[in-house]
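Here the sequence shown is numbered in my numbering, starting from 684 and rising by one per residue.
First up is the structure itself, then whatever we jot down about it.
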Amino acid sequence: MATYREHPYGQFNFLVDLGVGTEGPIAGFQECGPFTTSVAVIEYRNGNDKDNSPMKLSGLTRVDDVTLRRGVIGSLDLYEWLDQVRNGDPAAVRNVTIDLLNEDRTPVMTWKLMGARPVRYSIGPLNAKGSDVAIEELTLAYEQLVLM
Numbered sequence: 684m685a686t687y688r689e690h691p692y693g694q695f696n697f698l699v700d701l702g703v704g705t706e707g708p709i710a711g712f713q714e715c716g717p718f719t720t721s722v723a724v725i726e727y728r729n730g731n732d733k734d735n736s737p738m739k740l741s742g743l744t745r746v747d748d749v750t751l752r753r754g755v756i757g758s759l760d761l762y763e764w765l766d767q768v769r770n771g772d773p774a775a776v777r778n779v780t781i782d783l784l785n786e787d788r789t790p791v792m793t794w795k796l797m798g799a800r801p802v803r804y805s806i807g808p809l810n811a812k813g814s815d816v817a818i819e820e821l822t823l824a825y826e827q828l829v830l831m
């Protein structure tokens, strides 16, 4: 699905699907990411190798947690999802999809977070002197990143 073009896409048009058919303000996030994956390197050398440098082998693939941020809208859906994980509900593990959109709101790139579950939820800070929007954050741990 990745759509190539000469000019880079803006980072401000994206859709988040939390794996339960969410749309609208419930899945409207101000910020999400970063999406990071890495492959560990294993060094190995036979004792009788004539070369004194080790071979480099591919090891485990790891992904870093992703944080979603949105304005507080009075919905408890993110907290309830975390509560499902706390209570051991197997349905709490979901596949989350983030689509990057072009100017016509057509998906041009998709990141799938396979086996995602919330591991941290926070709101704030709240400041009586401030004029910013109250923000809630949900951090997701996931098993595999698929890029389409």
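Beta carbons: idealized from backbone N, C-alpha and C, even for Gly.
Under DSSP, the beta strand (DSSP E) around residue i begins and ends at which residues?
i	result
residue 800	790-806
residue 829	827-830
residue 686	Counting along the chain, residue 686 falls outside any beta strand (DSSP E), and DSSP gives it neither H nor E.
residue 711	Element bounds for residue 711: n/a, residue is neither H nor E.
Count the other CB atoms within 10 Å of the CB of residue i; is the residue buried (16 or more) or exposed (fewer)?
i	result
residue 723	exposed
residue 782	buried
residue 712	buried
residue 780	buried
residue 701	buried
Span of the alpha helix (DSSP H) holding residue i?
i	result
residue 763	760-769
Considering only residues of the same chain and omitting the five flanking positions on each side of residue i, which have a CB-CB separation below 7 angstroms?
i	result
residue 719	746 and 747
residue 758	709
residue 714	752
Would residue i and residue j be called neighbours here (beta carbons separated by less than 9 angstroms)?
i	j	result
residue 797	residue 820	no
residue 760	residue 818	no
residue 831	residue 692	no
residue 777	residue 703	yes
residue 800	residue 768	yes
residue 794	residue 755	no
residue 686	residue 749	no
Comparing the C-beta of residue i with each C-beta of chain C, is any distance below 9 angstroms?
i	result
residue 815	The chain labelled as chain C is not found in the depicted structure, where only one protein chain is given.
Counting only the same chain and skipping the five closest in sequence on each side, list residues whose C-beta sits under 8 angstroms from that of residue i.
i	result
residue 809	817
residue 740	724, 725, 726 and 727
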